[in-house]
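Heads up, the thing below is written out as structure tokens.
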Amino acid sequence: MATDGTCRRLGLGLAAAALVLASTGCDDAPDGTDKAAPAVVAPGKPGEPNRRLTAEEAAKERPDDSPNSADFGYVESMITHHRQALTMSALAPDRAASAPVKRLAERIAAAQGPEIGAMERWLSFHAAGRPAGGHEHDHAAMPGMATPEQLAALGAARGAAFDRLFLQLMTAHHRGALTMAGEALKSGNNGAVEEMATEVIAQQSAEIERMRSMG
């Protein structure tokens, strides 16, 4: 799923994370000050020695993962996408006939509720870099989103009929989330968004397989 650009960002992130502070081993000068500031050791590439950098040099080598429009668009869209999953899942306790369907709905709510909170906090933290006016989203155009008519049908269904429609709509919903996450990995630049998208792919791919076995 990851592209060359994603791999490059991951590699840069790993290299930056691997930078460790190392003592210079210098004795204090007679006046009580250090002869040199602590250095930073940057692991070298395979076959190459480590490099000692100043703090300023290390800061310059850190990758720039400033959020771009794709990052903001993904987070804003996925909040709306997750909220619809919560809406559908909230119907299951009173309408589903199958215990596994009820448990699946509980897991979805338990996972996606906190994810919405994390994404909202991300937006708040990066508010200064948010494009003016935000993003206008056509909810119906988001991959996997159920239509108002489908949601109404799900709300009216009971028992085995609810179970079938819930699994059908939620499977499509999860597949849409995979599409959105894949686009974020392809076009985004922010490390935190990359982590969120990767988690969505892992979690919802597993749930799709679980729903297939239940259908």
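Counting from 65, one number per residue, gives the positions in the sequence shown under our numbering.
Cβ coordinates follow ideal geometry from the N, Cα and C atoms, glycine included.
The alpha helix (DSSP H) runs lying completely inside the region 176-231 and spanning 4 residues or more are 212-220, given in chain order. Here L229 really is in contact with A221; their C-beta atoms are around 5 Å apart, less than 8 Å. Counting C-beta atoms within 10 angstroms of its own C-beta, N254 has 16 or more neighbours from the protein chains shown and is therefore classed as buried. With a threshold of 16 other beta carbon atoms within 10 Å, D128 falls short and is exposed. Taking a cut-off of 8 Å on C-beta distances, the region 262-271 does not touch the region 150-165, as fewer than three cross pairs fall below it.
Rounded to the nearest angstrom, the gap between the Cα atoms of T118 and E271 is 47 Å. Under the DSSP assignment, P127 falls outside any alpha helix (DSSP H); it carries neither an H nor an E label. For A160, the three-state secondary structure derived from DSSP is strand.
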